[in-house]
Amino acid sequence: MQIERIDTFSGHRGPIYSLASGEQAHEFYSAGSDGWVVQWNLQKPDLGKVVAQISGSVYAMKQDDQGVLWVGQNFEGIHGIQLSNQERIFSIALGANSIFDILFNQNQVWVAHQDGLISVVDSVSKQIIKHIKASDKSVRTLRLLPQGRIAAAYSDGYIRIFNSKFELEYAWKAHEGSVFGIQYWEKEDVIISVGKDARIKKWKLSAIHSAHFLPESEVIAHMYSIHDLVFHPQKHLFASASMDKTIKIWDATDLTLLKVIDAARYGGHKNSVNKLIWTSFDDQLVSASDDKNISVWKIH
9 MQIERIDTFS GHRGPIYSLA SGEQAHEFYS AGSDGWVVQW NLQKPDLGKV
59 VAQISGSVYA MKQDDQGVLW VGQNFEGIHG IQLSNQERIF SIALGANSIF
109 DILFNQNQVW VAHQDGLISV VDSVSKQIIK HIKASDKSVR TLRLLPQGRI
159 AAAYSDGYIR IFNSKFELEY AWKAHEGSVF GIQYWEKEDV IISVGKDARI
209 KKWKLSAIHS AHFLPESEVI AHMYSIHDLV FHPQKHLFAS ASMDKTIKIW
259 DATDLTLLKV IDAARYGGHK NSVNKLIWTS FDDQLVSASD DKNISVWKIH
């Protein structure tokens, strides 16, 4: 496996906390502590365009299929940015909380809050459909599962699964401390989770009914907290991002470590790596860091 750093995008004035895929495979968005929402083009490196200026940090954003970027503004709610003209076309007040994730589920938008609340919003009317409160600790990540179910990762160490009627179906203690990232892998019907305990764990959902639900496999993966994980668009690989300043590439089938991307060997990040996107544009991996930079990687 070969690692090549394609480019580094700079311009943010503070740590970068959020990345979002664009409508085209070569487009993505970044945001962080400076409140700038920046559009990038992998075909034209380092030519970023500010599409919105938000007061305060941005931890979550997601583009819908109407060309609108839903941006979570901490302590304010959600703002909708029409990307064709950079106009703010709606705002949804959701209380004085940080927003950590946004998930589209058909005509619903699920929003993860710092206080343990999940808000479900109608994507058309922008009205709040439901508030779900299963913990007092932060909801960090939301992921869609089969049959319209939603998996949520919490800072109390639990992963909780809700059905399409917003009912809590399953909950289990997955990590010591916060669960920062989860991904569902359809091929093996598993959830792979990462957390503050620096572990990667693989959960077989067919065994979720057992009295003592344990991970199918797990590894101590990094020196410090793992903030995110993303799958390769086609291959059975995933990448993890950590506070230890590294990105690691793993075989999803058996959690074998394949490569470590760090500053010494590959000119990697100099501070905590916070978010990743593995694009389908030449399979390039995008990483965002506390060092104010975005790096683009070719892994082949």
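Numbers in the numbering used here are just positions in the sequence shown, counted from 1, shifted up by 8. All residues carry an ideal CB built from backbone N, CA and C; glycine is no exception.
* In whole angstroms, what is the alpha-carbon distance linking D2 and W44? -> As displayed, the chain neither begins before 9 nor continues past 308, which places residue 2 out of reach and without an answer.
* To do: Identify, in the order they occur along the chain, each residue of the same chain with its Cβ nearer than 8 angstroms to the Cβ of V76, setting aside the five sequence neighbours on each side.
  => G88, I89, Q90, L91 and I97
* Asked: Buried or exposed: where does E12 fall if 16 or more other Cβ atoms within 10 Å of its Cβ makes it buried?
  -> exposed
* Taking the C-alpha atoms as reference points, what is the distance between L213 and N279? -> 35 angstroms
* Asked: By DSSP, does L213 sit in helix, in strand, or in coil?
  -> helix
* Asked: Taking the C-alpha atoms as reference points, what is the distance between A28 and I62?
  -> 16 angstroms
* Asked: Does the stretch 208-226 come close enough to the stretch 270-287 to have 3 or more Cβ pairs within less than 8 angstroms?
  -> no
* To do: Could you name the residues that DSSP lists as bridge partners for K70?
  => W78
* To do: Report yes if the CB atom of V294 is closer than 8 angstroms to the CB atom of T254, and no otherwise.
  => no
* alpha helix (DSSP H) segment containing R273, residue limits -> A271 to Y274
* To do: Report the residue from E95, D130, E84 and S133 whose alpha carbon sits nearest the alpha carbon of Q122.
  => E84
* Take the Cβ of N115 as the centre, count every other Cβ of all protein chains shown within 10 Å, and call the residue buried at 16 or more, exposed below. => exposed
* By DSSP, does Q155 sit in helix, in strand, or in coil? -> helix
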